[in-house]
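Numbering (my numbering), first residue to last: 1379 to 2078. Beta carbons: idealized from backbone N, C-alpha and C, even for Gly. In what follows, a structure is listed as structure tokens, so that the remarks can point back to it.
Laid out in structure tokens, this is it:
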């Protein structure tokens, strides 16, 4: 073995040359790797004995992607494009032996090789759109040459990884070989030599482009259909334009245009927002207040108490991660309804094609139902998910605290109740933590891990770890009414009520918020969730909303009753204008002595979101959220905040904190709501000309 540098080594095995990368932890394509690849190719191509070359990686994965820590820094040659060109133009065939996850730049390296093989568990993909970018080192140019531009759009606009089985079926890779990665690559290289296969670079394979070149109509139709579902309008448009260049420009010209387009995206607000969330989600996993030697407990079996909609979704989340779940409810009828709902959810997933029948059967078999609470006695984690009633929860946890073994994690899915009171009721407050899932629990990514006063470091670490294990994005929250997300969201709800009184109709507010990027408007969401839920919380808090309360007093609770803020046709979910609610809104404004006026979409968005930002600043200072970026992670993963806008506090930094303070001050002047007074931290940062991001960085 000859070392090219610290990351790249080469050797010759008979007539096959081997390039081996070892750059822990994930073989990121940093400068030392790129430079080593170029020199390794040169060295092996200069060896007359070598007839083919295998490119493989040690460790747990093939090149996992570009080194994201180099984003925004001065570029150092060789660039990734130059390293790939060295592979592609090599006079000897090069086989990429892929294992682990070859994503982004790692997949682009594989596309630069003449042949590609995967082990069965490997995945490839181009996830750059999730960072507001596209695969600018040739992924969007070479992939269409293998599978056609229209099929390539599916992969570049979704950013989802592709399994080995799908990759070989699509023609992305040449073979799937069940062997060690290097051995698989060596086997394929031997076949190439023995069969005297020629090394045709992907750049020269143009047959798959011919149809789009002759008539791009199908491509344009596919692009139009997929663009609205992608990660931000700028990145979607740029990805589509880049794939379009694959069949309208020679490859080198297309790559040059790609470089300019990606540089513009990199500097733009949408990519900055998406990259902010990428790092923020990783930062949220760090808990600096826990002792360094804290280790999570092993979780092998789970109990979920409550077989309603939330409980069933939570059980499905654990089953999807391979964890056996016992689902407990007080009555057989409630349990049967819950299990039927779970089966229906799985059936829908199978029908959509998002879950195979085999996986459905495996996951369903992991969920066992019972009416006997004693079934929780031998589990490692209990999640209570009954309705929001403190007396009921206290009774359940008094029982569970006695039933379960010491060390069993006890948790409540409460969305707003005092977790300290519930923890004390359990008799084992050190083992207690809040686990606030979001509906639908088997789909939504956010998990608020709510620390009770006595929660042990081990309990918190276990809750965070199990959240990641089941595919959630866990965020640690302190204990207060509403925790991070719902406490902050309550200020938007109050602002929306004011907007209705001041001049807006439900469709005006929802249209403006969708225009900002939310997938649904707040009143559409309220109708979908059930207006009685918020009504109950407002009555508990003593915070009346004249319009919302009047709607609920009429028994109009949204979709489930056929009318709420909107009307719904029988069995339908499409919101239609509700003339009776519009009349109620006008009457309420008149009764309150409010002169209604036209409100622009921009003003609606400002009045809805700036109070939310203001409360977020208080939540950070109060220590309910550990850091500003945790607020952004919470809203991006649990409340529909458009990822390409980065989160509430990233958005505040982007528009400028002085403007936020100015607008809040104006809003406070025309209302009697003291919560609209700009938070002290907002005043402080605006006066200093700094940002939440800088404030957080100074405290890290």
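- Just so you know, the alpha carbons of residue 1758 and residue 1679 end up roughly 6 Å apart.
- 8 Å or more divides the Cβ of residue 1743 from the Cβ of residue 1706.
- Rounded to whole angstroms, the gap between the alpha carbons of residue 1580 and residue 1991 is 49 Å.
- About 14 Å separates the Cβ atoms of residue 1790 and residue 1805, ruling out a contact at the 8 Å cut-off.
- Distance from the CA atom of residue 1762 to the CA atom of residue 1942, rounded to whole angstroms, is 30 Å.
- Beta bridge pairing from DSSP links residue 1855 with 1828, 2003.
- Within the stretch 1731-1784, the alpha helix (DSSP H) runs of at least 4 residues that lie entirely inside it are, in chain order, 1735-1743, 1768-1781.
- Counting C-beta pairs closer than 8 Å gives fewer than three between the stretch 1860-1879 and the stretch 1718-1732, which falls short of the contact rule.
- Taking the Cα of residue 2073 as reference, the smallest distance to any Cα among 2056, 1416, 2007 is reached at 2007.
- Judged by beta-carbon spacing, residue 1570 lies within the 8 Å limit of residue 1493, meaning their Cβ atoms are closer than that value.
- Cα atoms of residue 1517 and residue 1531: separation of roughly 11 Å, rounded to the nearest angstrom.
- Taken atom to atom, the span from the alpha-carbon of residue 1486 to that of residue 1462 is near 8 Å.
- If only uninterrupted beta strand (DSSP E) runs of at least 3 residues are considered, those enclosed by the stretch 1649-1725 are 1680-1683, 1703-1706.
- If the five residues before and after residue 1800 are omitted, its C-beta is found closer than 6 Å to the C-beta atoms of 1771, 1775, 1790, all from its own chain and listed in chain order.
- When the five nearest sequence neighbours on each side are left out, the beta carbons in the same chain lying within less than 6 Å of the beta carbon of residue 1490 are those of 1462, 1465, 1466, in order along the chain.
- CA-CA distance, residue 1502 to residue 1440, rounds to 10 Å.
- In the assembly as shown, residue 1455 is an exposed residue. Its beta-carbon has fewer than 16 other beta-carbons within 10 Å.
- In the same chain as residue 2039, and ignoring 5 residues on each side of it, the C-beta atoms closer than 8 Å to its own belong to 2056, 2060, 2061, 2064, in chain order.
- Looking from the CA of residue 2051, the closest CA among 1391, 1985, 2000, 2024 belongs to 1985.
- Distance check between residue 2025 and each of 1438, 1591, 1738, 2013 places 2013 closest, using alpha-carbon atoms only.
- Around the CB of residue 1488, 16 or more other CB atoms lie within 10 Å, so the residue is classed as buried.
- Burial check for residue 1447: the Cβ neighbour count within 10 Å stays below 16, so the residue is exposed.
- The stretch 1969-1987 makes contact with the stretch 1888-1897, as at least three CB pairs between them are under 8 Å.
- Spatial neighbours of residue 1396 in its own chain (CB-CB distance under 6 Å, excluding positions within 5 residues in sequence) are listed in chain order as 1389, 1432.
- Straight-line measurement puts the Cα of residue 1709 at about 17 Å from the Cα of residue 1778.
- For residue 1796, the three-state secondary structure derived from DSSP is coil.
- Comparing alpha-carbon positions, the option among 1558, 1562, 1445, 1870 lying closest to residue 1406 turns out to be 1445.
- Within its own chain, the residues whose Cβ lies closer than 8 Å to the Cβ of residue 1764, once the five positions on either side in sequence are excluded, are 1683, 1684, 1686, 1689, 1770, 1771, 1774, listed in chain order.
- The Cβ atoms of residue 1559 and residue 1473 lie no closer than 8 Å to each other.
- With fewer than three CB-CB distances shorter than 8 Å, the stretch 1615-1628 does not count as touching the stretch 1546-1565.
- If you draw a straight line from the Cα of residue 1914 to the Cα of residue 2000, it comes to about 26 Å.
- Sixteen is the threshold: when 16 or more other Cβ atoms of the shown chains lie within 10 Å of the Cβ of residue 2029, as they do, the residue is buried.
- Residue environment: residue 1379 is assigned as exposed (fewer than 16 neighbouring CB atoms within 10 Å of its CB, all protein chains considered).
- Of the candidates 1451, 1788, 1747, the residue whose Cα lies closest to the Cα of residue 1675 is 1788.
- Rounded to the nearest angstrom, the Cβ distance from residue 1854 to residue 2004 is 6 Å, consistent with a contact under 8 Å.
- Under the DSSP assignment, residue 1503 falls in the beta strand (DSSP E) whose first and last residues are 1501-1503.
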